[in-house]
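The structure appears below as structure tokens.
Number of protein chains: 4
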Amino acid sequence: MVPRYSRPAMTAIWTPEARLRIWFEIEAHATQALADLGVVPASAAQALWDWWRTEPAIDVEAIDAIEAVTKHDVIAFLTWVAEQVGDEARFMHQGMTSSDVLDTTLAVQLARAADILLADLDALLAVLERRAMEHKYTPTIGRSHGIHAEPVTFGLKLAQAHAEFARNHERLVHARADIATCAISGAVGTFANIDPRVEAHVAEKMELAVEPVSTQVIPRDRHAMFFATLGVIASSIERLATEVRHLQRTEVLEAEEYFSPGQKGSSAMPHKRNPVLTENLTGLARMVRGYVTPALENVALWHERDISHSSVERYVGPDATITLDFALARLTGVMDKLVIYPERMQKNLDRMGGLVHSQRVLLALTQAGVSREDAYRLVQRNAMKVWESDGRLSLLDLLKADPDVTAALPPAEIEARFDLGYHFKHVDTIFARVFGS
Amino acid sequence: MVPRYSRPAMTAIWTPEARLRIWFEIEAHATQALADLGVVPASAAQALWDWWRTEPAIDVEAIDAIEAVTKHDVIAFLTWVAEQVGDEARFMHQGMTSSDVLDTTLAVQLARAADILLADLDALLAVLERRAMEHKYTPTIGRSHGIHAEPVTFGLKLAQAHAEFARNHERLVHARADIATCAISGAVGTFANIDPRVEAHVAEKMELAVEPVSTQVIPRDRHAMFFATLGVIASSIERLATEVRHLQRTEVLEAEEYFSPGQKGSSAMPHKRNPVLTENLTGLARMVRGYVTPALENVALWHERDISHSSVERYVGPDATITLDFALARLTGVMDKLVIYPERMQKNLDRMGGLVHSQRVLLALTQAGVSREDAYRLVQRNAMKVWESDGRLSLLDLLKADPDVTAALPPAEIEARFDLGYHFKHVDTIFARVFGS
Amino acid sequence: MVPRYSRPAMTAIWTPEARLRIWFEIEAHATQALADLGVVPASAAQALWDWWRTEPAIDVEAIDAIEAVTKHDVIAFLTWVAEQVGDEARFMHQGMTSSDVLDTTLAVQLARAADILLADLDALLAVLERRAMEHKYTPTIGRSHGIHAEPVTFGLKLAQAHAEFARNHERLVHARADIATCAISGAVGTFANIDPRVEAHVAEKMELAVEPVSTQVIPRDRHAMFFATLGVIASSIERLATEVRHLQRTEVLEAEEYFSPGQKGSSAMPHKRNPVLTENLTGLARMVRGYVTPALENVALWHERDISHSSVERYVGPDATITLDFALARLTGVMDKLVIYPERMQKNLDRMGGLVHSQRVLLALTQAGVSREDAYRLVQRNAMKVWESDGRLSLLDLLKADPDVTAALPPAEIEARFDLGYHFKHVDTIFARVFGS
Amino acid sequence: MVPRYSRPAMTAIWTPEARLRIWFEIEAHATQALADLGVVPASAAQALWDWWRTEPAIDVEAIDAIEAVTKHDVIAFLTWVAEQVGDEARFMHQGMTSSDVLDTTLAVQLARAADILLADLDALLAVLERRAMEHKYTPTIGRSHGIHAEPVTFGLKLAQAHAEFARNHERLVHARADIATCAISGAVGTFANIDPRVEAHVAEKMELAVEPVSTQVIPRDRHAMFFATLGVIASSIERLATEVRHLQRTEVLEAEEYFSPGQKGSSAMPHKRNPVLTENLTGLARMVRGYVTPALENVALWHERDISHSSVERYVGPDATITLDFALARLTGVMDKLVIYPERMQKNLDRMGGLVHSQRVLLALTQAGVSREDAYRLVQRNAMKVWESDGRLSLLDLLKADPDVTAALPPAEIEARFDLGYHFKHVDTIFARVFGS
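Chains as they are written, first to last, in full-length UniProt numbering: chain A, 1 to 437; chain B, 1 to 437; chain C, 1 to 437; chain D, 1 to 437.
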């Protein structure tokens, strides 16, 4: 975890104290279920909850000190709780194995992390929708291969991003369901020493599904799918970040990350405003993607379990979720405040002197009776002049001044082919698909 | 694509001819829709379908020869079709861009590949269920960290695998939906020169969803999610393959890949039967996982598109699906014919001389009134002898011969703690969760 | 292997016949050594080499047919050779294990592949040096974050690429040494049934080093290092390809991939020349990188060996080397024919109206006695006008027309600060470092 | 960074204070060089070094507070130093750009990290050599595919590991050289405002090579190679860790991680000692490998630089080196104290009842004049009995009791074929190759 790329709410999920609080809740709910089943005295569960209602602080250091002796984290925790609660606490954990607590806790943490990420996506989607609506009809050049192609609107670009992140939202809902399961099934998952009803009770209370079959541990294909999904979301972040970086290039400059006055890069060179946030997002995306493969390698544990997954999860659990949360929030901020330059978009659009419309003129000439060969020659000879002028000449002007062209197509007819609206007639249809009617 | 790791049905999806056949269908459906909209003559669509009904072969070499001149694959194809169909074919492709055909074709190919993979998973699930039912109550030792823990049944191991692959089936259904979309939206996705109703018609005919917003290309987060899902499935294959490899180890030998008589490794050494299929599957899993990251890196195309994704997809499209198809089928074969040795499982289970039951004896002694300290000492002194004997001595025998133990717990009571059935009382519950009641 | 991304010489290394020819050479050299040691008759080696000198074709199909029966590739090969050579061939392979042949063959193949890649790098380096010399002093704007920074020369960009690929050359020399080892050590690497002198002889003849300690197989950390090195080279290809893609953008257009006349993208739109080769290289780089992780996962084979690495190597052996060979050659072609536009570079350099020189003016004013605050204000007020004009105004013109500026610094002195040569005074030093004096 | 997987010396390299101390040294050496060149007053350098000799603490918090205002880390640092040193400090950093300091600092950090890792490898190599010598002739079964093959010695296994880590040592020496370069070349690497001799001086003082051509930043192919090399080393760690995990399996138990008495897993079940350290190492290896791809993706920065690499390096710089350092030290500890059970190795070796010697008997019978078919039948009928007895019967006993066998081969001759020494006659040769004579 890199502090500068973290936000408090997500980080809070991964603190030792937060983890221990979830441990307690799982143990207390399990004790309650055992009491309801008559396995342990009702007073045992009562004592635990009574203590919990006093909102006790968790003394992480004291527990660490016990662990230094017992060399076992769960036993250390149970020992410390027993010291606080008293004799009744000895009924805790009966029939359970450490993994019951550890894996169910990880499920709670990842589910909570997913909730924050889903909220992050909601915030991003809201911003993208607002900016898309603002620029629904702002003309800009569409580029394939970095080369001018045909006009689009800036709103369409944002609608595209919205659709992509809406898909990511749906994927994350699936991935959340995949990891939000509870296993309280004992040493090798057979429930030999604990009734499956305990698992059902804890699952319900912790808002998790019941793990249908566990082996001491919750199977790691679930976690692999979760982290793979984060990797896809990160890649979408990289895509939008890359778009902003391109738009902010000196020669393009159709949009810029917001710079507060004090933030100016270079005092003497007013142009030196760098897209550092989106470059940063590009790097963060690489990291979140980098966590996918270790998570995939975690799946093939040996037999009923080995513990090789654990060290991996101590890194990728916090690192992938904290980094992605930060990145989504940063991207939302960038898009929210993105400074958009419609005039510059128009200027770039005009840069080719109207060449983007040449095909429509060609077609109109053909339809007006000019042979395809002649039409092509007429358009081409004017288009080449425009191209060689590097945007100083206008195709429309040249065509209107070419008597061979106007002989077939009156100037008004030519002009009609230079209408951007022609390209935008279905923008509304697309917006309806993306944002609903 | 490595021929020895491929199967015909999946490979057939990726042949040049199969690809061109889908191209034709998309073009012909689009022409039909254009005809219905009055944009092109109805006779144009009619001519295409009339020709198609003659079940013509696609002359890949002829088309390649045209491409060598035109340097454009779609134009080469259209030219060849026009040569076959005649003048009416000139209305094909009107208002479309090459990517409309290419990306929608890839969607069809991936959807068909997903269908095969889903059928592969169905076949694997059926085998796993059958074998799980066979060995529902076959006792075997559960192992954590490779070390004997407590008894499970072999059926439980297979139920676990079944649940994991059932999850993978569900994930692949989602992933298939993600990539099965149709885009016929023109040069930069604005429908400037083609009506969205054409897209809707082609989508319906090709059994795809409509891509809500495209940019010339279908967004690559869809494909990234698809290949990431294949990576998760591959990791599950590795897990089950690793289990078989462990079980076949000389010292364990609880199960073996089926060897036909002629296949025997070494004539003089009858033990030399190697788990080569599951080792092979382990390697294939690495490859399928290896395709995840390139697919993730494909997401961030520049602006409305660049073509960097294309070369990646020429590898991973066929390679990931063909390899995974082969691996699933091979795994299904391995599990179908897996030679299972219940006697050896029992022997390994007995290897610890009953130490796995020591905790239940300890508890019984305590409940019979022995202090926890004494109970521990009594069990431990016998357990150590068993351990030092390397499985030659039996804990049950020693306990029954220890007067301090029998003074508190009569032999029949001791024996009752050595009951495997105690561990298996919830097997039925777990099977009901996995396989339904 | 994707045929369109392959070249014949590299592909030839990976054909079945090429592989079998290396097999024969290894077996024949080993038989020679065994004969020299008196283990087998001298006539056995003689017979093999006599046959080989007839330059026999290898009948791959016949050998495959034998393998279909024996289910063992090396035995099938030996059987076929015996059929050709006669009775003397029965002394072949004595004391050897299949892996001795297979792993040493892979070493030969990878070493030959490395030689082609090294030659590819040499060719690329020669082109980069030639183009760097051509444009040693061609001014162009240096960009950080995609934003204009200070002037560089186009030759410097190419020198940078040269230095990077020279490093890659050195890395590949190391990586080649890593995989070019010979193991002829028998079933578990103990030389129980074969003398180490056989290994030494084969190693010398096949131009390999002796593997100091093998386990039946050559350890896979060697191959992991090799493929990781290819991944680094691929990343460097991506870097240079990305530079070209940026330079070819419509708004930048400082360089272009060479387009033959017939290749023109769009007839009516002369600007539509897409950097498809470098985009393709970007995708190919992703693939070569994707092979690194499977190769790393291949290292941890079980005990003396398992065969999980083999399937991975059937993919990545050919795919990584063939793809990288193709990519290096394509990049060399791109750089060789790259169309470079110095005028456009100058135009882009001037785009900021001379703002890149503002800092030097600021310093000169200070040195001429103006207070830092005043100097800053004087420069800034002119710089802002230039910036707001989007490059139409010139900072030099404005400064020379600003009486407060000229009062401190005469026009000639101002002009002296707009000298590009100031930035290029150490180009020669850098070139000497990169290309030698 | 995960604190439990870190060691102080490596962690110390990556603290903010350590980083700032390197910053100062670079700035001060640069100032010295500038003074020597007459660009700044000699007193400026003197003042810096005078202050440094007072061994001042670096007040990270104060510098952070300044950065919160200036939004620039290097400026904040320079400001703070100026506050401490006084007016002379204003000459620091003249002509330099922030990256000159940042990238050279990273080079120093990575070089120091490499030195620790090289020392770690030395320690591991020493332990491996010592244990290999101890068990040079300890017989153990060699296993291919997890199946018994032929005898090896435990020392050979360790020699193999030694050779592998010796290769890793050499690779890391190369990788260290790759990243240990100094760039002090100004805004876009042209030395426009700083003399190359400053770079040369700083390089020498910081024990780095001069970066031949930089672009503001040091090219990231260097770092990619470095982290890829760490990924290879991690994979070798996984290999040896996996070997130990296999050896510690209940059914194999030829070696065990050392367990201190208090560490016993389960009180009642003395066998429950889990190979948790090597399982942990397996997970840590996955993480270090996971950092390779982000480092490879960092290579293709845009033009003269973008800053996307920076966030990646804030993770992988510390995380990869700290994790690998910890893992190497842990592995060294495991191997140092590994509890090795030669008796159990012998027992496992005998498990097959001598089947591993069957081939030598077969050969001896043939050489004694028995036809190959008869010899095969004689060996096979005894071997099958041994195999079916699951190791209770001995092949040697059966052969000596088979009159058809003894008719051809006297018992003493049979016994001679069961000599393990036959397999170990070249152990000395191999050891000489690995450890020198």
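By construction, the Cβ of each residue, glycine as well, lies at the ideal position given by its N, Cα and C atoms. In this text, all values refer to a predicted model and were calculated from it rather than measured experimentally.
Whole-angstrom C-beta distance between residue j and residue i, which should lie under 8 angstroms
i, j, result
"D/V386", "D/L378", "That pair is no contact at about 13 angstroms."
"B/H201", "B/A62", "Not really, about 29 angstroms apart at Cβ, beyond 8 angstroms."
Three-way DSSP call (helix, strand, coil) for residue i in this model
i, result
"D/T429", "helix"
"A/V152", "strand"
"A/T278", "helix"
"A/R305", "strand"
"A/P56", "coil"
"B/V127", "helix"
"D/E25", "helix"
"C/A255", "strand"
"D/M352", "coil"
"C/S394", "coil"
Chain-ordered neighbours of residue i on chain A, where CB pairs are closer than 7 angstroms
i, result
"C/Q248", "G146"
Neighbouring residues, chain A, relative to residue i (Cβ below 9 angstroms)
i, result
"D/T190", "Result: empty, since nearest Cβ-Cβ is about 16 angstroms, beyond 9 angstroms."
"B/I307", "S144 and H145"
"B/G231", "A224, A228, V292, T293 and L296"
Residue-chain proximity (residue i, chain F), Cβ-Cβ < 9 angstroms
i, result
"A/Q160", "No chain F is part of this structure, whose protein chains are labelled A, B, C and D."
Residue of the options minimising C-alpha distance to residue i
i, options, result
"B/I414", "B/D402, B/H423, B/A228 and B/K425", "B/D402"
"C/K272", "A/V210, A/G421, A/H148 and A/T190", "A/H148"
"C/G317", "C/A228, C/Q367 and C/I237", "C/A228"
"C/A126", "C/D59, C/A383 and C/L158", "C/L158"
"D/L349", "D/N280, D/S358 and D/P151", "D/P151"
"C/L328", "C/D419, C/A132, C/R239 and C/V40", "C/R239"
"C/I340", "C/E257, C/T406 and C/D390", "C/E257"
"D/P212", "D/G231, D/F191 and D/R286", "D/F191"
"B/D195", "B/A383, B/N382 and B/V40", "B/V40"
Distance cut-off 8 angstroms: residue i Cβ against heavy atoms of the ligand MG
i, result
"C/P318", "Absent from the structure shown: the ligand MG. Ligands present: none."
Under 7 angstroms from the C-beta of residue i: neighbouring residues of chain D
i, result
"B/P139", "Simply none; closest approach about 16 angstroms."
"C/T215", "Q160"
Proximal residues of chain A, C-beta to C-beta of residue i below 8 angstroms
i, result
"B/P212", "A163, I430, R433 and V434"
Cross-chain neighbours of residue i in chain D, by beta carbon under 8 angstroms
i, result
"B/T293", "T293"
"A/V356", "None at all; the shortest Cβ gap to chain D is about 26 angstroms."
Residue i - partner residues in DSSP beta bridges
i, result
"D/R143", "D/H148"
"D/T181", "D/A209"
"C/V339", "C/E256"
Contacts of residue i in chain B (Cβ-Cβ under 9 angstroms)
i, result
"D/P275", "H145, G146 and I147"
Proximal chain C residues relative to residue i, where beta-carbon distance stays under 9 angstroms
i, result
"B/N280", "I307, S308, S310 and S311"
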